[in-house]
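Engineer: Take a look at the following structure, please.
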Amino acid sequence: MVDKVYQVIELVGTSQNGIEEAINNAIAHAAKTHGKLDWYEVVETRGFIEGDKSKYYQVHLKIGCHAH
Numbered sequence: 007m008v009d010k011v012y013q014v015i016e017l018v019g020t021s022q023n024g025i026e027e028a029i030n031n032a033i034a035h036a037a038k039t040h041g042k043l044d045w046y047e048v049v050e051t052r053g054f055i056e057g058d059k060s061k062y063y064q065v066h067l068k069i070g071c072h073a074h
């Protein structure tokens, strides 16, 4: 087994369409700036309310990538 060291970045993805899209938005952004990603952890899920309805979702992620 090869030992690995990971860098962990934290992002909050958002979406008006759902939690999964919010996660994918954060992952896509991280991939542009950090290259190959290996894993993610959902730290927190929350939403924004406007009036009496859910306006959009927010998902706080920790994303692991190889340390350089």
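Heads up: the sequence shown begins at 7 in my numbering, then just goes up one per residue. Positions of the beta carbon are idealized from the N, C-alpha and C atoms, including for glycine.
If we ignore side chains and look at the alpha-carbon of each, how far apart do L67 and S21 end up?
Structural biologist: By one-based count along the sequence shown, residue 67 stands at place 61. By one-based count along the sequence shown, residue 21 stands at place 15. Rounded to the nearest angstrom, the two C-alpha atoms are 14 angstroms apart.
Engineer: Helix, strand or coil for K38? Go by DSSP, reduced to three states.
Structural biologist: Counting from 1 along the sequence shown, the entry for residue 38 is found at position 32. Three-state DSSP puts K38 in a helix.
Engineer: Apart from the five residues on each side of it in sequence, which residues of its chain come closer than 6 angstroms, Cβ to Cβ, to A32?
Structural biologist: Along the sequence shown, read from residue 1 onward, the residue named residue 32 stands at position 26. L17, G19, L67.
Engineer: With burial defined as no fewer than 16 other Cβ atoms inside 10 Å of the residue's Cβ, what is the status of Y63: buried or exposed?
Structural biologist: Numbered from its first residue, the sequence shown carries residue 63 at position 57. Looking at its Cβ environment, which holds 16 or more other Cβ atoms inside 10 Å, Y63 is buried.
Engineer: What separation, rounded to the nearest whole angstrom, lies between the Cα atoms of F54 and K61?
Structural biologist: Locating residue 54 in the sequence shown gives position 48, where the first residue counts as 1. Locating residue 61 in the sequence shown gives position 55, where the first residue counts as 1. Spanning the two alpha carbons is a distance of roughly 6 angstroms.
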